[in-house]
Amino acid sequence: MSASSDLRPRPSLPGGVPRPARGLLAAVAASLAVVVLSDLFALVAGVRIHLLIDEDHGFLTAPQRELDAAYLLYERAGSLQVMTFLPCAVLFVVWFFRMRRNAGLLGPDRLRNGPGWAIGAWFVPLGNLWMPYRVAVDMWGASSQLPADGEPYRMPVWPVNLWWALFVASTLFGRYAESRYDDAESLAEVRDAVVQYMVTDVLDIAAAAAAVYFAVRLTSMQRLKAAEGPYRTAVPGAA
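Positions 1 to 239 (the UniProt record's numbering) are the ones given, in order, by the sequence shown.
Put into structure tokens, the structure is as follows:
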């Protein structure tokens, strides 16, 4: 790469708004897909443990060596989930910050906090259960176009609500399942904790799918508003 290309300005849409990076969006979507695959692997490993333990009495229905192998597979699945989640989280927060920065140019009057909170909100203990959601709702409103008459308009926010509800549910349920699994002393308790983890995995898969939809919709909204301006222009002679 030449020195001149390093100094080349990033392409912008009309109005001086940076073009949302499709490459970053694709990377976020791909990383979320990998997370889903790791969750599916954990589900399969969890089902294997569950089937090896009698459902009614918590007794082994298979030799101990098979249960040991199932435990090992389950631990590996958990490690894989951590390995896939961390880079996905980094990519998503980077994308989240860029979108917040763009939103500040598209609708600064719709934003309650500075762009730094698009990163910092994720690291506030307990506050990270709702603060990033507030940032996301603000970005959604700032990226929404206004109708032709210029009156205030609020884009339906159900994609944001769905993503965040699933994300929080997965997070909280995962913490509960982890405590149940760590405290389990009998096979029956292990089986029940694994079931809780399986529910968490299903919620996590749903949250990842909702996150992809939210990311694609928000990116499209920003590109459309930046290209057409904050107001839709009525076409002369249109019915």
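Even for Gly, the Cβ is constructed at its ideal location relative to N, Cα and C.
All values derive from a computational prediction rather than experimental measurement.
Contact between the region 118-128 and the region 199-209 is not established, with fewer than three Cβ pairs separated by less than 8 angstroms. For the region 93-159, the full-length alpha helix (DSSP H) segments reaching 4 residues or more read 117-120 and 131-143 along the chain.
In the DSSP assignment, E185 falls outside any alpha helix (DSSP H) and carries neither an H nor an E.
Less than 9 angstroms divides the Cβ of D138 from the Cβ of A103. M221 has its alpha-carbon roughly 13 angstroms from the corresponding atom of P159. Each of E228, A226, V212 and L224 was checked against the Cα of A30, and the nearest Cα belongs to V212.
For I49, the enclosing alpha helix (DSSP H) has its first and last residue at R22 to L52.
Within the model, the alpha-carbon separation for R223 versus F92 is close to 19 angstroms. The beta carbons of A193 and A215 sit about 32 angstroms from each other, so the pair does not count as a contact at 8 angstroms. A distance below 9 angstroms separates the beta carbons of P115 and R100. One alpha carbon belongs to M198, the other to D39, and they sit about 9 angstroms apart.
The C-beta of S170 has 16 or more other C-beta atoms within 10 Å across all chains shown, which makes the residue buried.
Contact annotation: S144 and M131 have beta-carbon atoms that are not nearer than 9 angstroms.
For the 9 angstroms CB-CB criterion, V28 and Q81 do not form a contact. Distances from the alpha-carbon of V190 to those of G23, L43, L37 and H50 put H50 closest. Straight through space, the alpha carbons of K225 and L73 are spaced by roughly 48 angstroms. When the beta-carbon positions are compared, G46 and D201 come within less than 9 angstroms of each other. The residues A210, in chain order, have a CB closer than 6 angstroms to that of L162 in the same chain once the five nearest residues on each side in sequence are set aside.
Taking C-alpha positions only, R217 is separated from C88 by approximately 19 angstroms.
A straight line joining the alpha-carbon of V94 with that of I119 spans about 8 angstroms.
Distance from the Cα of L37 is smallest, within the candidate group A77, A70 and I53, for A77.
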